[in-house]
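In short: position in the sequence shown from 1, add 152, done, that's our numbering.
Glycine included, every Cβ here is placed at the ideal spot set by N, Cα and C.
Keep in mind it's a predicted model, so treat the numbers as computed, not measured.
One structure is given here, and the rest of the page talks about it.
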Amino acid sequence: MKEQLTVRPGPEAYKCAPGILDDLKEYIEERGFKRILVVHGKISWSKVRPKLIVLLEETSYEELTFSAFQGECSDEEVERLKNQAASERADLIIGVGGGKIMDTVKYVAAQLSGVYSVLIPTLASNCAPWTPLSVMYTPEGEFIRYDFHHRQVSLLLVDPLIIIDAPVRYLTAGLGDTLAKWYESEPNLSLPEHDSTALELAYMTAGLCRKVIETHGLQAVVDAKQNKLSDAFIKAIETIIMTSGLVGGFGDELARTTAAHAIHDGLTFFPETHHLLHGEKVAYGIMVQLALDGKVDEQSAVSRLLNQLGLPVSLNKLGLAGGKKLYRKLAALTLEHDPGIHVLPYPVTEDSLAEAIENNELFNEQTASGQGI
153 MKEQLTVRPG PEAYKCAPGI LDDLKEYIEE RGFKRILVVH GKISWSKVRP KLIVLLEETS
213 YEELTFSAFQ GECSDEEVER LKNQAASERA DLIIGVGGGK IMDTVKYVAA QLSGVYSVLI
273 PTLASNCAPW TPLSVMYTPE GEFIRYDFHH RQVSLLLVDP LIIIDAPVRY LTAGLGDTLA
333 KWYESEPNLS LPEHDSTALE LAYMTAGLCR KVIETHGLQA VVDAKQNKLS DAFIKAIETI
393 IMTSGLVGGF GDELARTTAA HAIHDGLTFF PETHHLLHGE KVAYGIMVQL ALDGKVDEQS
453 AVSRLLNQLG LPVSLNKLGL AGGKKLYRKL AALTLEHDPG IHVLPYPVTE DSLAEAIENN
513 ELFNEQTASG QGI
């Protein structure tokens with residue numbers, strides 16, 4: 153083994169089942185938590201709040217405080233909640249909401265001694281509830297960096313009945329984000345020298361991510377639109393949250409993010425893309441990654457799947473218009489702000505990345521005109 157890897161498997165405990173929030177009462181009572189801070193979003197909170205309050209009122213807590221999330225996982229928001237938790241002497245922080253809330257609550261709990269965290273995702277849009285890291289943004293939503301934590305999430309509760317109520321767009325974005333796990337990690341993990349046990353597990357879980365999405369992804373979306381709690385839907389959300397988180401958990405920097413996520417991070421500097429979800433931008437990044445890898449033979453199949461899922465495959469679909477100047481600007485911003493792209497087993501330059509962005513646009517133009525590639 154030539155790599156020095158740090159394996160971070162996932163939360164201390166994970167449970168997924170309809171109605172699993174009922175287990176929260178026992179968890180709190182067994183550990184004797186007394187001062188609880190709940191960090192929550194807005195829309196989904198109205199659905200979870202009644203159930204959660206009933207559960208919490210059945211425990212013997214001494215103080216219960218609620219704090220509305222301010223919109224970005226930023227240094228400022230982490231500091232605000234850290235100060236609040238410290239001043240209230242909270243011993244448990246519960247996060248209810250989407251990925252950025254999950255990342256923020258993880259960060260706050262990891263920085264405070266003796267504070268535990270429970271995450272209750274209301275969306276299956278990425279693996280944020282699973283991973284022991286936070287993606288940091290400016291208050292305006294521009295990517296800054298990834299920060300790793302020395303502690304894992306204490307308890308992750310995934311209730312499919314909650315997640316199926318979310319707009320289907322979040323599910324499709326999660327499928328795009330998860331599909332990227334294979335295409336971003338395969339160039340490294342397929343190399344003969346990367347044969348450690350941890351990397352073999354990362355390779356297997358990355359392959360499972362792709363297999364589940366190809367096999368069950370479209371059906372999961374159909375079922376979600378019909379509010380049908382099917383096996384396909386549950387398998388899809390567990391793959392988005394858990395399996396994809398295991399890829400980076402076992403593979404560390406060799407299997408966490410490369411070109412597709414780096415492209416996402418570059419796109420955050422374009423205000424025109426701020427309305428797009430994380431996984432939607434990552435899905436586009438997969439197409440650029442394939443062009444960068446020179447895997448032209450795979451572009452058609454992946455493009456077809458992403459189109460079927462309603463995910464963007466070109467700059468035009470992202471709402472960005474422009475020629476070579478735009479390609480070079482995106483390439484430059486990507487390389488400037490996300491060094492993860494350099495984990496790929498070949499050099500990536502501004503020229504080569506701009507060329508890959510352009511080649512993907514040409515591929516999509518020719519595909520749209522029926523000429524093929």
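Check: Under 8 Å between the Cβ atoms of residue 359 and residue 431?
Finding: no
Notebook entry, point to check: So, is residue 397 buried or exposed, given that buried needs 16 or more other C-beta atoms within 10 angstroms?
Noted result: buried
Notebook entry, point to check: Nearest-angstrom Cα distance between residue 194 and residue 220?
Noted result: 7 Å
Checklist line | Counted within 10 angstroms of its Cβ, other Cβ atoms place residue 160 as buried (16 or more) or exposed | finding: buried
Checklist line | Test item: CB-CB of residue 199 and residue 299 under 8 Å | finding: no
Notebook entry, point to check: Cα separation between residue 490 and residue 165?
Noted result: 31 Å
Next item on the list: Kindly list the residues whose CB is nearer than 6 Å to the CB of residue 414, restricted to its own chain and excluding five residues on each side of it in sequence; keep chain order.
Entry: 486, 490, 492 and 493
Next item on the list: Indicate the three-state DSSP secondary structure (helix, strand or coil) for residue 438 in the structure shown.
Entry: helix
Check: When DSSP labels each residue in this structure, what does residue 215 get in the three-state scheme?
Finding: strand
Item checked: Straight-line Cα distance separating residue 214 from residue 328 -> 42 Å
Item checked: Euclidean distance between Cα positions of residue 496 and residue 282 -> 24 Å
Item checked: Whether residue 237 touches residue 245 by CB criterion (8 Å) -> yes
Checklist line | Which of helix, strand or coil DSSP assigns to residue 187 | finding: strand
Notebook entry, point to check: What residues are listed by DSSP as bridge partners for residue 192?
Noted result: 220 and 248
Item checked: Chain-order list of residues whose beta-carbon lies under 7 Å from that of residue 218 (same chain, five-residue window excluded) -> 190 and 192
Check: In whole angstroms, what separates the C-alpha of residue 515 from that of residue 252?
Finding: 33 Å
Item checked: Contacts around residue 263, its chain only, beta-carbon distance under 7 Å, and the 5 residues preceding and following it disregarded -> 234
Note to self: Could you tell me the alpha carbon to alpha carbon distance between residue 390 and residue 330, rounded to whole angstroms?
What the structure shows: 11 Å
Check: Which residues mark the beginning and the end of the beta strand (DSSP E) in which residue 308 is found?
Finding: 307-310
Check: Which class does residue 353 belong to by DSSP, given the choice of helix, strand or coil?
Finding: helix
Notebook entry, point to check: How is residue 298 classed by DSSP in three states: helix, strand or coil?
Noted result: strand
Next item on the list: Tell me whether the beta-carbon of residue 255 lies closer than 8 Å to the beta-carbon of residue 287.
Entry: yes
Next item on the list: Mind the definition here: the region 221-231 touches the region 290-298 only if three or more C-beta pairs lie below 8 Å; say whether that holds.
Entry: yes
Next item on the list: Pair every Cβ in the region 373-382 with every Cβ in the region 337-348, then say whether three or more of these pairs are closer than 8 Å.
Entry: no
Notebook entry, point to check: On the premise that residue 451 lies in contact with residue 370, defined as a C-beta separation below 8 Å, what is that separation, rounded to the nearest angstrom?
Noted result: Actually they are not in contact, since the Cβ atoms of residue 370 and residue 451 sit about 19 Å apart, beyond 8 Å.
Margin query: Considering just the uninterrupted stretch of the beta strand (DSSP E) at residue 271, what are its terminal residues?
Written below: 268-273
Check: Counting only runs that start and end within the region 361-444, where is the beta strand (DSSP E) found for 3 or more residues in a row?
Finding: none
Next item on the list: Counting only the same chain and skipping the five closest in sequence on each side, list residues whose C-beta sits under 7 Å from that of residue 509.
Entry: 440, 479, 482 and 483
Next item on the list: Assuming residue 350 and residue 368 form a contact by the criterion Cβ under 8 Å, report the distance between their Cβ atoms to the nearest whole angstrom.
Entry: The pair is not a contact, with the Cβ atoms about 27 Å apart (cut-off 8 Å).
Note to self: Does residue 333 pass the burial test, meaning 16 or more other C-beta atoms within 10 Å, or should it be called exposed?
What the structure shows: buried
Checklist line | Strand pairing of residue 286, partner residues [DSSP] | finding: 299
Checklist line | Contacting residues, own chain, Cβ-Cβ under 7 Å from residue 477 (five flanking each side not counted) | finding: none
Margin query: Please state the DSSP three-state secondary structure of residue 335.
Written below: helix
Item checked: Extent of the continuous beta strand (DSSP E) to which residue 167 belongs -> 166-168
Notebook entry, point to check: Thinking C-beta only, is residue 336 closer than 8 Å to residue 409?
Noted result: yes
Margin query: Measuring only the C-alpha atoms, how far is residue 156 from residue 520?
Written below: 45 Å
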